[in-house]
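Presented below is the structure to which this report refers.
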Amino acid sequence: MKFNPNVLDCAAAPIAEAWSWVRDPASDNLIDMCQAVPAHLPPQSLRDYLGAAIMAGEGASYTDIRGIPALREALAEDIGKRYRGRVSEADVLITAGCNQAFCSVVDTLCQAGDEIILPLPCYFNHQMWLAARAVKPRYLSFNVDTAMPDPEEAAKLINSRTRAILLVTPNNPSGAIYSPRCIEAFFELAREHGLALILDETYRDFIDIDQVPHKLFARGDWRDTFVHLYSFSKVFSLTGFRTGAVAAGQPLIDQLKKIQDCTAICAPHAGQLAALYGLNNLYHWKLEKSEELAQRAIAIKQAFSHPDLRYRLVSAGAYFAYVEHPFEAAARDVVKDLIQKQEIVCLPGSYFGRDQEQFIRLAYANVHESRFEDVIGRLIASQQRRYNP
Ligand SMILES: Cc1ncc(COP(=O)(O)O)c(C=O)c1O
6 MKFNPNVLDC
16 AAAPIAEAWS
26 WVRDPASDNL
36 IDMCQAVPAH
46 LPPQSLRDYL
56 GAAIMAGEGA
66 SYTDIRGIPA
76 LREALAEDIG
86 KRYRGRVSEA
96 DVLITAGCNQ
106 AFCSVVDTLC
116 QAGDEIILPL
126 PCYFNHQMWL
136 AARAVKPRYL
146 SFNVDTAMPD
156 PEEAAKLINS
166 RTRAILLVTP
176 NNPSGAIYSP
186 RCIEAFFELA
196 REHGLALILD
206 ETYRDFIDID
216 QVPHKLFARG
226 DWRDTFVHLY
236 SFSKVFSLTG
246 FRTGAVAAGQ
256 PLIDQLKKIQ
266 DCTAICAPHA
276 GQLAALYGLN
286 NLYHWKLEKS
296 EELAQRAIAI
306 KQAFSHPDLR
316 YRLVSAGAYF
326 AYVEHPFEAA
336 ARDVVKDLIQ
346 KQEIVCLPGS
356 YFGRDQEQFI
366 RLAYANVHES
376 RFEDVIGRLI
386 ASQQRRYNP
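Here it is, written out as structure tokens:
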């Protein structure tokens, strides 16, 4: 059997690879800062509702390709409130998670050989999908002082093959929350050149509720340029239910429906019911969880101010801390050592694109702040390690 060389060239799935370095996955001493998963189950009320719905025979059938109308309406309303903008049910298509939303949008916009501009470091699944589809990533360099991408740098990379600019905010892996000004500058650039601005906002519920993430949805012309990607995975702890969404203009949604019909047909029905329940009933629960994570972000920043620590916190927010390690060594070797000697499971920066050997990602959302002192103690202990040049 011969394989697609583009897929052969794709990196292996990173989370599984990092866990393959763990000597004893059952060890009580492990601190799991590997994958971005909520540390809690969905609330009991959601589980009760979903259990009863499934028992009553709901959720077993296909839904509309675009998703359950009530869910599309509820999400449009939620987006409208969160961003103080104008979004309607017709702008929304529900997907089998935000990853599928991204893959389908790329397939809708790009042919092999086309280009997408995205900042370093970047989310590994985005990079893998672009490689599998032979869409060329054009990277923006990582500014270690601000962790913000530069629209002027992006302007220099635009050519006749460019189809989109892709940003993730709050960012995976850096945790950086891009300012509305930065996002709006990228929108202007994309608009001037007839490109799509794809914003993956999987972690938008972990931005302070008093802060509007950006004002793009308030623009009358947002649909010509802006493509919003969303996930229900983190906000309602529904990672396994595979539910996400795209909000975009009609021309894109119409083409996207073809891809959706061929791949998922529709997003999982049970996941859609759960997401709808969440939007209708869990607003206060969501704010509570978001507040817990905001406290955790403060705690991780404080923890990294330890005077003996030579690991430097570059940026942190939402679920992630992006950290510069103190060694002249490959990130992968540093992480293997942290996993095997200190039992901190985390990811090397090298999974997040080129020039990231000096960094590691800690998904701190998984770990209660009462354990941060222990994390810092282990990082300090790891500093004794000498690597061969
Ligand atoms: C930036 C980003 N986008 C998408 C996803 C995947 O979301 P979903 O579970 O909705 O597919 C993740 C999950 O870690 C993520 O970090």
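Be aware that the sequence shown starts at 6, since it is given in our numbering, and climbs by one per residue.
Virtual Cβ for every residue (Gly too), placed ideally from N, Cα, C.
Taken through DSSP and simplified to helix, strand or coil, V240 comes out as coil.
Each residue's CA atom was taken as its position, placing E63 and R383 some 48 Å apart. Remark: the shortest separation between the CB of T268 and any heavy atom of ligand 1 does not fall under 7 Å.
The alpha-carbon of Y54 is positioned some 32 Å away from that of N176. Annotation: K220 to I84 spans about 11 Å, alpha carbon to alpha carbon. Every alpha helix (DSSP H) of 4 residues or more that sits fully in the stretch 64-101 is shown, in chain order, as 74-88. The Cβ atoms of L194 and A159 sit closer than 8 Å to each other. Annotation: the continuous alpha helix (DSSP H) that includes A279 extends over H274 to N286. By the Cβ neighbour-count rule, R209 is buried, with 16 or more other Cβ atoms within 10 Å of its own. Taken from the Cβ of N393, every heavy atom of ligand 1 lies 7 Å or farther away.
Residue range R317 to G322 is occupied by the beta strand (DSSP E) that includes S320. Contact check between the stretch 15-22 and the stretch 244-251: fewer than three CB pairs, one atom from each, fall below 8 Å, which does not count as touching. For A201, the CB contacts under 7 Å within the same chain, skipping 5 residues up- and downstream, are L114, R168, A169, A195, T230 and V232 in chain order.
Burial is judged here by how many other beta carbons sit within 10 angstroms of a residue's own beta carbon; P74 has fewer than 16 and is exposed.
Cβ contact annotation for I344 (same chain, cutoff 6 Å, sequence separation greater than five): W26, V27 and V350, in chain order. Shown in chain order are the residues whose CB sits closer than 5 Å to a heavy atom of ligand 1: A41, G102, C103, N104, Y128, V173, N177, D205, T207, S236, S238 and G249.
At the C-beta level, L135 and P154 stay beyond 8 Å of one another. Residue range A201 to D205 is occupied by the beta strand (DSSP E) that includes L202, with no alpha helix (DSSP H) assigned at that position.
Only residues of its own chain outside the window of five on either side were considered, and among them V149, Y327 and E329 have a CB closer than 6 Å to the CB of V319, listed in chain order. Setting aside the 5 residues that flank it on each side, R143 is surrounded in the same chain by E120, I122 and L162, each with a C-beta closer than 6 Å to its C-beta; the list follows chain order. Counted as a single uninterrupted DSSP element, the beta strand (DSSP E) harbouring R143 occupies residues K141 to L145. Going by C-alpha positions, I365 is about 18 Å away from E378. Contact between the stretch 86-103 and the stretch 268-287 is established, with three or more Cβ pairs separated by less than 8 Å. For P175, no alpha helix (DSSP H) segment is defined, and its DSSP state is neither H nor E. With fewer than 16 other CB atoms across the displayed protein chains lying within 10 angstroms of its CB, G199 is exposed.
According to the DSSP assignment, P10 belongs to the alpha helix (DSSP H) that extends over P10 to D14. Y356 carries a helical assignment under DSSP once its states are collapsed to helix, strand and coil. The distance from the Cβ of F147 to that of D360 is about 7 Å, consistent with a contact at the 8 Å cut-off.
Assignment of Y369 by DSSP, reduced to helix, strand and coil, places it in the helix class. Judged by their CB atoms, A336 and S355 are nearer to each other than the 8 Å cut-off.
In the DSSP assignment, V328 falls within the unbroken beta strand (DSSP E) covering F325 to E329.
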